[in-house]
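Peer 1:
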Amino acid sequence: MALCEAAETGSNTPRAVTQVLRLALAHLGERPVTEARVANLCVGDRQFLMRELEQHLGRSGGWFHADCTTCANRFDFSLQYADLPVQEAGPSYPLVRVQWQDRQICFRLPTGADQEQILEQPQPEATSWLLHQLLEEPECVLPCDNGFQSVVDAALEEVAPGIVTRVLTSCPECEAENTVELDPYRLLAWKSDGLLKEIHQLASHYHWSEAEILALPRFRRQRYLDLIDQSRGMIQ
Ligand SMILES: [Zn+2]
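Residues in the sequence shown are numbered consecutively from 5, following this note's numbering.
Put into C-alpha cells, the structure is as follows:
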C-alpha cells in the first residue's frame, strides 16, 4: 500500500522511484537507507532495483503489448525478466574517463538526483547542464565540439551497469521485427485500487480492520478472498 501511494503521489518519475526504493530497501550496502543515498544511486542501479522489486512483489514478467511499426497491428508477447541479461558495471564505476584529443576528462555516472534536477533546467541547455554536473573537476573547461557529447555518451554507456530496457520481437501478423521499450519503472503504474478493493471485500465479510488485513501475507489474503467467492457461489 505504501509503495502504491508513493508511486501515485511522486511529483515526477525520479522522485517517485526514490520514494519507492526508500520504503522498500532494508539497507544499502549494509548502511541505513536514506532518501539522499537512494537518490544518489546511479540510474542503472535504480532501474535494476525497481525491476527486482517488481519481481519480489510477484510480477516476474508476463504479457507486454506493442504496436507493430510496419502493419500497425497491436500484438502481445510474453517475457520473463529472469531471462534478460544484466550488464555489470565497468571496472572504473562510478567514474568514467573520457579521452578527447590530448586530454583526459573525468565524469561520474548520472544519478536519480541528477534526473530530478535536470527536469528543472530549461530544455536547450539541459544536456550541457548535465555534462557540467557530472564533471569530476568542476573548473575543467569542456570542448565545444558536437562530437564530444557522443564520445561522452558512449563512455558512460560502457561503464554504467544496466538492465534490458528494449527488446526485439517480431510481429505475429506480418513478421516484421519491432524494437519494443520495456519500462524499467513499470512498478510505478501499480495502483492502490486493487488492494483497496481487496481490503473492502475482506473488511465487509470478516469485519477486520485495515491494519489487520494489510498485515496478512499476500497468499493468505488471496485464500480468504477465494473463500468469500466460494461462499457467495454456494449462496446463489
Ligand atoms: Zn506487423
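Every residue gets a Cβ at the ideal spot worked out from N, C-alpha and C, and that includes glycine.
Can you round the beta-carbon distance between L192 and T17 to whole angstroms, since I take them to be within the 8 Å contact cut?
Peer 2: Correct: roughly 7 Å between the Cβ atoms.
Peer 1: Beta-carbon within less than 7 Å of R227's beta-carbon, same chain only, minus the 5 sequence neighbours each way: which residues are those?
Peer 2: So no residue of the chain qualifies.
Peer 1: List the DSSP bridge partners of R112.
Peer 2: Bridge partners of R112: L99.
Peer 1: Between G48 and G166, how many whole angstroms is the CB-CB distance? I'm expecting something under 8 Å.
Peer 2: About 4 Å; that satisfies the 8 Å criterion.
Peer 1: Can you say whether C148 is buried or exposed, counting buried as having 16 or more other CB atoms within 10 angstroms of its CB?
Peer 2: Exposed is the call here.
Peer 1: Give a yes or no on whether the C-beta atoms belonging to R112 and L146 are separated by under 8 Å.
Peer 2: Result no, Cβ atoms of R112 and L146 do not sit closer than 8 Å.
Peer 1: Please state whether the Cβ-Cβ distance between Q84 and G62 is less than 8 Å.
Peer 2: Cβ atoms of Q84 and G62: not closer than 8 Å.
Peer 1: Examine the Cβ distances between the region 123–132 and the region 97–107 and report whether three or more of them are shorter than 8 Å.
Peer 2: No: the two stretches stay apart, fewer than three of their Cβ pairs being nearer than 8 Å.
Peer 1: Taking DSSP as the reference, what is the three-state secondary structure of R63?
Peer 2: Reduced to three states, the DSSP call for R63 is coil.
Peer 1: Which same chain residues, not among the five before or five after E159, have their C-beta less than 6 Å away from its C-beta?
Peer 2: Rather than Glu, the amino acid found at residue 159 in this sequence is Ala. The residues are V100 and V102.
Peer 1: Buried or exposed, going by whether 16 or more other CB atoms sit within 10 Å of the CB of V90?
Peer 2: Looking at its Cβ environment, which holds fewer than 16 other Cβ atoms inside 10 Å, V90 is exposed.
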